[in-house]
Amino acid sequence: MNDVIQAPTIEYGTLAPLLVVFGAACIGVLIEAFAPRYLRKSFHVPLTLLSLAGAFALVLVQTLRGQVSTTPSAMGAVAVDGPSLFIWGVILILSFVCVLLINDEGHFVASAASVPGSSDEEEAEAHDNGTGHTEVYPLVLFAVGGMLLFPAAHDLLMMFVALEVMSLPLYLLCGLARRRRLLSQEASMKYFLLGAFSSAFFLYGTAMIYGFAGTVSLPGINQAMAAGNTLDPLLLIGFAMLGVGLLFKIGAAPFQAWKPDVYQGAPTPITALMASGTLVAAFGAVLRVFWVGLGNLDWNWRPVIWGVAALTMVVGSILAITQTEIKRMLAYSSIAHAGFLLVGVLATYGSAEQNAVSLKAILFYLAVYGITTVGAFAVLTLVRDPGGEAGHLSRWAGLGKRAPVLSGVFAFFLLAFAGIPLTSGFFGKYAVFAAALNSGTQPGDSMGGWMAGLVVVGVVASAIAAFFYVRVIVLMFFNEPAADGPAVAAPSMGTVAVIAVSLLVTVGVGLYPESVLGVANDAASSLFIR
Amino acid sequence: MSPWLPILMAVPVVGAIVVALLPKGSDKLAKQVTLLVSLLVLVLTGVMAAGFDPGGERFQFKAEYDWIPSFGVKFGVGVDGVALVLIALSVVLVPIVVLASWHDADGVKTADGTLITPKRSVKTYFSLLLVLETMMIGVFAATDIFLFYVFFEAMLIPMYFMIGSYGGAQRSYAAVKFLLYSLFGGLLMLVAVIGLYVVAGSKTFMFPELVGVIQDPAMQKWLFAGFFIAFAIKAPLWPVHTWLPDAAAQAPAGAAVLLVGVLDKVGTFGMLRFCLELFPDAAKAFTMPIVVLAVISIIYGAIVAIGQTDMKRLIAYTSISHFGFIVLGVFAMSSVAQSGAALYMVNHGFATGALFLAAGFLIARRGSPFLGDYGGVQKVAPVLAGFFLVAGLAGLSLPGLSSFVSEFMVMIGSYSSQAHGSGALSVAAIVSAVAVILAAVYILWMIQRTMNGPTAEPVKAFKDLNAREIWVLAPLVALIIGFGFFPKPLLDVINPSVQQTLTNVKVPTSTIAEKGTGQ
């Protein structure tokens, strides 16, 4: 017997982007502890932006050097494969733009511990200059680190850790809105309770599957299924619970109820981060679990996901119609989009070529949807009432006359969400639908006709969804402005940059989608490490 | 590779950007630039069309560029005879619409100074118009089905804003209804487009390479249905027509002309090109149900038109009747009927365009679209009344005016078509002939109630057409009369491509042999 404990091999080069983000987050905590209050922001902003940019540069270096690893790193705990790198790149870009939004003053509460409406709150607000809590920056960095790790985790335990690292800071961030604090705290509480509940499901599912497979490593589970009985109750219950945990994070029906409340209550830049970054990360994890971990169980999970996808698209589109609050409406829109993306997940079936096609479609969709979402939320931060952002839809009436450029840009984002041709959103939708129909022609697929049916459900849902996007355009452009309508704040440089970048990508990809498709194609062709 | 079509599509969009970027307060300049650009496009199209060889290969002025290699999509354009005449129709109508809409966005006032529509952004209106022109050319020129789909859907957006921002009192309702109907049809077509690509498996969307590829009859039917529903909504065919009267009545007159005159033609054009040629067996299998729908549209549109009190709604319903004729012609599966249908698409654009514009001038003077508010216009504004009369007579297909030729060809062609046994289509032709009488009722009654009789009090203040308005209507009336007596130039261009369609549909040669001259 050899009693020497072997040191684990860690591929520091491959994992560098993760390490940079987590390292910067830790430094951020030290800044909070040691730097004087008035200096903190001027330390945090460059640190946060530079670390995100640096991590992105490291991702680029790995991609351009063409040395995408084909084996999992860190003793099989993290898989930095082509899709991971693409998702990392997207998350880093999205979080970089979100941080530009977070920099704006007036989003975050001065003292989260003070009771809303109390004299403590007044006093705290008198002493800060609109910056609010600077802890926001390290919290965001931790959340982003979790987002990076979540889709790259190669075993279920690592994935659970990543899930928590991503979620806990977000629970907190949701409660830090400067205006309408009760709403914000309610959102935070709901998100925390439901999120904790879903995490418990995930963990319990992991335990069950461990009971079946004797391992938490995703490929290990898949191999155990190839060898063992795939109707083992431990496996089926475990898989169902795992599914609940993951579907909760992407906001698929029937686990969507938290989304509207949380999106509405959270400070808008944080909503933007959740609606883009978290969704991307969660879909990466969903793909990895279902494709790598449960690849041999697809006979079981595909019909379930079929139902969830159809339900999510329909619920998201129909409930969105009844909304009168713009952030809630975008939340339901995000639910509907999660449904469209699930159609793509379902299409990862059959030959490796087909897998690459649908993976490419999802990656492309995530990238373009994420950036448009951030742009749309950035516009929301600019339309203000005396009491904060003008959330109620009726307040948006006639905005097209008051601020034609801003309304025009927002209308364009809405058309992109609706999937009108010559916007990036159309090609995203096209890509997943095409992948889904194509998967129906795979040999041995018993779900060919079902896939066509799902795509029809998808287009009907898109038509319904178009109605509420168009309704906002009607309000902005075809209605007369209200006498005491909201003011459009003069945007800061950061916000202008965010909106401009989102618009450029939405237009540019709408005219020439090959620019992003090509990259997604390269990333997807190597597939996940199995 | 011919640069013609890309240039034609680029010129208006560049013009639109220029117009949109003009400084504030340069409304007049914006109008002039728009007019110049649209005239330039007209001249360029004329020069291009002169080089079209009717006897040559089917698609001419072809150009192909890689657009989205990952999806197998190309930027492929090229025109056959039918596409060419429809592009010509579009580019003729645009400068006319520009002139006709000259003051539409300025805030329309009646003779006694009441404001009908408030002042709106002039630059936006005219740049939308130019963007729409690019898309109209693109949708007819596309030989790549994906590209066709992109234009088919994207062209809804400028029209949506033109109706919604510049239309009448119910404009936002009408605009949303228009958009949602079309979008829904378009999305079903998207499924069929993807299905076509997947089932064909040839990794291309180029139309010529996809003809005859789908053999499985059941698959043909599904895909046909996806395309046809989209086109039937667009055309529009009963029972999915209800958006058209609302949209046309609420749109400003100029936009209504383009909506009914060109955008709706994309539906019938698509049936002729895509539904028939890509899915010939399905098209034959569905002929009778579609012919029944067409005949219902013909009769229903005409009867409902008689009952209308709003002029623009009345004209919209007459169009539903006319679209019924076009669809009947397309699915009659004989060369005479199909040539007639293609010719009808052009003639209907001119005739209905003239009628909408003349009615628009009338409405601009009185501020009311209702027939009952007029009477005796002839006495105070004889020139306006004269143009209105000619346009109206073209609408009821009076011999000597262009629509007569096409309507006659459709009826003769359907009557003698052997496509479904000898009798079935003959019955359809006979029943639809009733619409000729109904057309006389709705048109003549409208003219009688507005132009003749005692002059209503507010009408007495009417001014006759000014020079701009005459310049709007005169070219249309000239075209209506000119093609009424001499349709040969159009038919010479149309006939070969219709023959090609019928060959691809594999209609028995005996039907093709009875080729008519249309005289």
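Those protein sequences? They're chains W and X, same order as listed.
Counted the way the working numbering counts, the first sequence spans residues 301 to 830.
Counted the way the working numbering counts, the second sequence spans residues 9 to 527.
A virtual CB, placed ideally from N, CA and C, is assigned to each residue, including glycine.
Please read these numbers as outputs of a predicted model, since none were measured by experiment.
Residue-level contact to chain W via CB, residue i, 9 Å cutoff
| i | result |
| --- | --- |
| Ala366/X | no |
| Ala162/X | yes |
| Ser210/X | no |
| Ile76/X | yes |
| Gly172/X | yes |
| Ile165/X | yes |
| Gly275/X | no |
| Leu195/X | yes |
| Ser414/X | no |
| Tyr308/X | no |
| Ser347/X | no |
| Val158/X | yes |
| Phe239/X | no |
| Ile520/X | Reliability fails at Ile520/X, whose pLDDT of 43 lies under 50, so the model's placement of it is uncertain and no value is given. |
Under 8 Å from the C-beta of residue i: neighbouring residues of chain W
| i | result |
| --- | --- |
| Leu198/X | Tyr730, Phe733 and Val759 |
| Ser180/X | Val774, Phe778 and Asn779 |
| Val513/X | Correct list: empty, because the minimum Cβ distance to chain W is about 26 Å. |
Run of the beta strand (DSSP E) containing residue i, from where it starts to where it stops
| i | result |
| --- | --- |
| Lys70/X | Gln68 to Ile76 |
| Val312/X | It is not in any beta strand (DSSP E) - Val312/X instead sits in the alpha helix (DSSP H) that spans Thr295 to Ile314. |
| Arg179/X | Premise fails: Arg179/X lies in the alpha helix (DSSP H), Arg179 to Ala208, not in any beta strand (DSSP E). |
| Val683/W | Val683 to Asp685 |
Terminal residues of the alpha helix (DSSP H) in which residue i lies
| i | result |
| --- | --- |
| His373/X | It is Arg, not His, that sits at residue 373/X in the sequence shown. Ser343 to Arg374 is the span of the alpha helix (DSSP H), which, as asked, contains Arg373/X. |
| Val368/W | From DSSP, Val368/W is part of no alpha helix (DSSP H); its letter is neither H nor E. |
| Ile82/X | The identity of residue 82/X in the sequence shown is Lys, whereas the question assumes Ile. Counting along the chain, Lys82/X falls outside any alpha helix (DSSP H), though it belongs to the beta strand (DSSP E) covering Val81 to Val87. |
| Glu625/W | Careful: Glu625/W lies outside any alpha helix (DSSP H) and carries neither H nor E. |
| Gly383/X | That residue, Gly383/X, is in no alpha helix (DSSP H); it is neither H nor E in DSSP. |
| Gln456/X | Gly431 to Met459 |
| Ile327/W | Tyr312 to Phe334 |
| Ile153/X | Ile153 to Ala162 |
| Val819/W | Glu814 to Ser825 |
Cutoff 9 Å: residue i Cβ touching any chain X Cβ
| i | result |
| --- | --- |
| Asn522/W | no |
| Thr741/W | yes |
| Val643/W | no |
| Val755/W | yes |
| Asn529/W | no |
| Val770/W | yes |
| Ser826/W | no |
| Pro383/W | no |
| Glu653/W | no |
| Ala752/W | yes |
| Lys627/W | no |
| Tyr812/W | yes |
| Ile720/W | yes |
| Gly889/W | In the structure displayed, chain W extends from 301 to 830; residue 889/W sits before or after that span and is not available. |
| Lys549/W | no |
Beta-carbon separation (whole angstroms), residue i vs residue j, contact threshold 8 Å
| i | j | result |
| --- | --- | --- |
| Trp591/W | Leu646/W | Wrong, their Cβ atoms sit about 11 Å apart, outside the cutoff. |
| Gln362/W | Leu385/W | 6 Å |
| Leu266/X | Ala362/X | Not quite, the Cβ-Cβ distance comes to about 14 Å (not below 8 Å), so this is no contact. |
| Val788/W | Arg702/W | 7 Å |
| Gly538/W | Phe512/W | 6 Å |
Neighbouring residues, chain X, relative to residue i (Cβ below 8 Å)
| i | result |
| --- | --- |
| Phe767/W | Val184 and Leu188 |
| Leu715/W | Ile165 |
| Gly618/W | Correcting the residue identity first, residue 618/W is Ile in this sequence and not Gly. Simply none; closest approach about 14 Å. |
Partners in chain W for residue i, counting only beta-carbon separations shorter than 7 Å
| i | result |
| --- | --- |
| Phe192/X | Ala763 |
Partners in chain W for residue i, counting only beta-carbon separations shorter than 9 Å
| i | result |
| --- | --- |
| Gly203/X | Leu737, Ala752 and Val755 |
| Val206/X | Ala734, Leu737, Asn738, Gly740 and Thr741 |
Proximal chain X residues relative to residue i, where beta-carbon distance stays under 7 Å
| i | result |
| --- | --- |
| Gly725/W | Those within 7 Å of Gly725/W in chain X number zero; the least Cβ separation is about 12 Å. |
Neighbour list for residue i in chain X, Cβ cutoff strictly below 9 Å
| i | result |
| --- | --- |
| Ile387/W | What Ile387/W touches in chain X: nothing, since even the nearest Cβ is about 19 Å away. |
| Gly818/W | Pro77 and Ser78 |
task: Enumerate, from N- to C-terminal direction, the unbroken alpha helix (DSSP H) stretches of 4 or more residues contained entirely within the region 440-508 of chain W.
output: 456-474, all fully within the region 440-508 of chain W.
Within the region 548-600 of chain W, ranges of the alpha helix (DSSP H) (whole runs, at least 4 residues)
Those alpha helix (DSSP H) runs which fall completely within the region 548-600 of chain W and span 4+ residues are 558-565, 568-573 and 579-587.
**Report entry** Runs of alpha helix (DSSP H) lying entirely within the region 369-414 of chain W, each at least 4 residues, in chain order
**Finding:** For the region 369-414 of chain W, whole alpha helix (DSSP H) runs of length 4 or above, ordered along the chain, are 382-402.
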